[in-house]
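Notes follow once the structure below has been shown.
There are 2 protein chains.
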Amino acid sequence: MTTDERRRPDARPRAFEEVLARIEERIAADGLTVGDRLPGERQLAEQLGVGRSSVREALRVLETLGVVASQAGRGPDAGAVLTSRPGNALTDLLRLHLGLATLSMREVIDTRLMIEQWAAARAAAAPAGTASTRTATARMAEAIAAMDAARDPAEFVEHDIAFHLALAEAAGNRLIVAVMRALRDALRRYAVDAVVRLGDTGGLQDDHRRIHRAIVDGDAEAAAAAVADHLARAYPDSGPDA
Amino acid sequence: MTTDERRRPDARPRAFEEVLARIEERIAADGLTVGDRLPGERQLAEQLGVGRSSVREALRVLETLGVVASQAGRGPDAGAVLTSRPGNALTDLLRLHLGLATLSMREVIDTRLMIEQWAAARAAAAPAGTASTRTATARMAEAIAAMDAARDPAEFVEHDIAFHLALAEAAGNRLIVAVMRALRDALRRYAVDAVVRLGDTGGLQDDHRRIHRAIVDGDAEAAAAAVADHLARAYPDSGPDA
DNA sequence: AGACCAAATATGGTCAGACCATACATCCTG
DNA sequence: CAGGATGTATGGTCTGACCATATTTGGTCT
């Protein structure tokens, strides 16, 4: 893993890469799942015949990818525990690559457009009775109310993010939710500026209500259309053919 | 970065996190870009007042996220060089989280559906004269020909991946391309099985030609429809409302 | 002068050992 | 039995050493 084509092709795998592979094997073989603990760093090092620093580097990689979390001390929660936080990795990825100008804000916004429309249509088409769908739509309503009560753009945007995240959750795809969260994190500052520039948020709120209504009504077409209108309002310079 | 809510909220930042932050600052402040070199590990450790192992852990994180690549030895290519490979990180992320059952294959396939349809419509709507669009559509045609000549399912799938990757590239969004690549990597084995099960790949190839034609003709609607038909054929149990 | 080979050197990769900080476990005391 | 002191397992960090790799440098032979 973390294969990098920049390295010499015949390069001997590094010790920490070997550790990564072995840990991954072990997860698959032992059927480890979220909440299970990995052996301690010292024990792992001895088992795999490598130094503790190599084990630590491997664990750092797994932590970066949101697969383990480490806790010092003693007890059931201490040590390296398997977790599931793909979101942080995606957020870091976007931020760093935006900083390197490998990705443009435009590409991030476009991706958000894509996800958002898909999620709205999917959420509307999903069976409305599902518990997860109901809680998601309830959270959307809460976020709308919170945006009405927001006293400044930053607060408004926080609840706006919550609204759109709930929308993604209503679509019932955790990968999409994780990507959505990362995209919104990356766009947070941008969104605040947009709200400030816009001044009146009434139009945005009308859109939010339309979206929510369409999803509750199970009207996928109306939901997608409402999202398209909403994003056209939020990003006026990003038409579908721009 | 790599903030993990599992950690005690008042936890003192770890040394390697400090290093990460400083390196990120430095990239932004000095306007470093792809190809530029970071100081050596020993020098960095001294500058930041930490041990070399902490620097190494930070570099490992950056390497995992596809931002740096390290080369031993001496000379202009040695050391930690800024790169831009978001793809490997995404691939690792998907593989590990699929292994932990945090993500289901279903969610990955759904995401692929979303991207693929969006990319086809976007590629068709894009100005056809662009050099990048032309090379992407040319690669699509090459991949179709290679699939015709393929002698076994694995080979067919390789070129199929190339086709769909070129499709994503034709849409002109590097983030989408990176995600698409990771999704296809994750689905490779699954795709081979699907081709074996299907037996006759004639229908798939007809679809590929339809997609290519629609994009060259600039017909976004036809392109999206062709992709929808194609994926319905490739994943028969994954209807849009399933 | 040029070509070739050897030594120096800069760089990442790895290990071993020490020590600290943390937080639960254990035991002892009142 | 309650509560505090001590023990201990665990991650976090540093130091220093040594190895592997690949370029740079310089010297030597032709």
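Chains A and B, in that order, are what the protein sequence lines are. Taking the numbering used here, the leading residue of the first sequence gets 1318, the next gets one more, and so forth. Taking the numbering used here, the leading residue of the second sequence gets 1318, the next gets one more, and so forth. Using N, Cα and C, we set each Cβ at its ideal position, and we do this for glycine too.
Interface partners of residue i on chain A, CB under 8 Å
i: B:V1425; result: L1492
i: B:L1399; result: L1417
i: B:M1431; result: M1431, I1432, W1435, I1493
Residue i versus residue j: straight-line alpha-carbon distance, rounded
i: A:R1354; j: A:A1463; result: 39 Å
i: B:D1546; j: A:L1430; result: 23 Å
i: B:R1402; j: B:A1460; result: 23 Å
i: A:D1510; j: A:A1499; result: 18 Å
i: B:T1319; j: A:L1504; result: Residue placement at B:T1319 is flagged as unreliable, the pLDDT there being 49, under the threshold of 50; the coordinate-derived value follows with that caveat. Their Cα atoms are separated by approximately 18 Å.
i: B:G1404; j: B:A1386; result: 14 Å
i: A:V1372; j: B:S1370; result: 12 Å
i: A:R1275; j: A:A1540; result: Outside the shown range of chain A, which is 1318 to 1559, sits residue 1275 of chain A, and nothing can be said about it.
i: A:Q1522; j: A:R1423; result: 24 Å
i: A:A1479; j: A:M1457; result: 7 Å
i: B:V1378; j: B:G1516; result: 43 Å
i: A:A1397; j: A:E1380; result: 9 Å
i: B:G1519; j: B:R1451; result: 25 Å
i: B:L1365; j: B:L1420; result: 39 Å
i: A:Q1434; j: B:I1432; result: 11 Å
i: B:V1474; j: B:A1551; result: 12 Å
i: B:P1553; j: A:L1548; result: 32 Å
i: B:A1559; j: A:R1501; result: Any reading at B:A1559 is ruled out, since the residue's pLDDT is 37, under 50, leaving its predicted position unreliable.
i: A:E1334; j: A:Y1507; result: 38 Å
i: B:A1362; j: A:R1343; result: 34 Å
i: A:E1358; j: A:I1340; result: 12 Å
i: A:A1448; j: B:P1393; result: 58 Å
i: A:V1390; j: A:N1490; result: The sequence given here places Gly at residue 1390 of chain A; Val does not occur at that position. Cα-Cα distance, rounded: 35 Å.
i: A:A1436; j: B:E1472; result: 34 Å
i: A:A1418; j: B:V1496; result: 17 Å
i: A:V1533; j: B:V1544; result: 29 Å
i: A:P1557; j: A:D1465; result: Only weak support is given to the placement of A:P1557: the predicted model assigns it a pLDDT of 46, under 50, and the question is left unresolved by the model.
i: A:R1329; j: B:V1336; result: 27 Å
i: B:H1525; j: A:Q1360; result: 52 Å
i: A:A1560; j: B:P1356; result: In this structure chain A extends from 1318 to 1559, so residue 1560 of chain A is not present and cannot be described.
i: A:Q1388; j: A:H1529; result: 40 Å
For residue i: DSSP bridge partner residues
i: B:S1387; result: B:A1397
i: A:R1354; result: A:V1398
Interface residues of chain B facing residue i [CB-CB closer than 7 Å]
i: A:I1478; result: In chain order: nothing, as chain B lies at least about 16 Å away.
Neighbour list for residue i in chain A, Cβ cutoff strictly below 9 Å
i: B:I1344; result: L1413, G1416, L1417
i: B:E1341; result: R1412, L1413, G1416
Presumed contact (8 Å Cβ cut-off) between residue i and residue j, rounded CB distance
i: A:H1481; j: A:A1467; result: That belief does not hold up - the Cβ atoms of A:H1481 and A:A1467 are roughly 15 Å apart, past 8 Å.
i: B:V1513; j: B:P1470; result: 5 Å
i: A:V1351; j: A:L1399; result: 5 Å
Contacts of residue i in chain A (Cβ-Cβ under 7 Å)
i: B:T1381; result: T1319, V1378, T1381, L1382
i: B:T1428; result: N1490, L1492, I1493
Contacts of residue i in chain B (Cβ-Cβ under 8 Å)
i: A:T1350; result: L1417, A1418
i: A:L1410; result: L1382, G1383, P1403, A1406, L1407
i: A:S1370; result: S1370, R1373
Contact under 7 Å by Cβ, residue i with residue j
i: B:L1295; j: A:D1409; result: Lying outside 1318 to 1559, the shown extent of chain B, residue 1295 of chain B is not represented and no answer is given.
i: A:A1332; j: A:V1367; result: yes
i: A:A1542; j: A:A1438; result: no
i: A:A1567; j: A:A1487; result: The structure shown does not extend to residue 1567 of chain A, since chain A is modelled only from 1318 through 1559, so no value can be given for it.
i: B:L1484; j: A:T1428; result: no
i: A:G1416; j: B:A1375; result: no
i: B:A1441; j: B:G1535; result: yes
i: B:V1425; j: A:L1413; result: no
Residue i beta carbon near the ligand ZN (any heavy atom closer than 6 Å)
i: B:A1362; result: With respect to small molecules bound, the structure shown includes none, and the ligand ZN cannot be examined in it.
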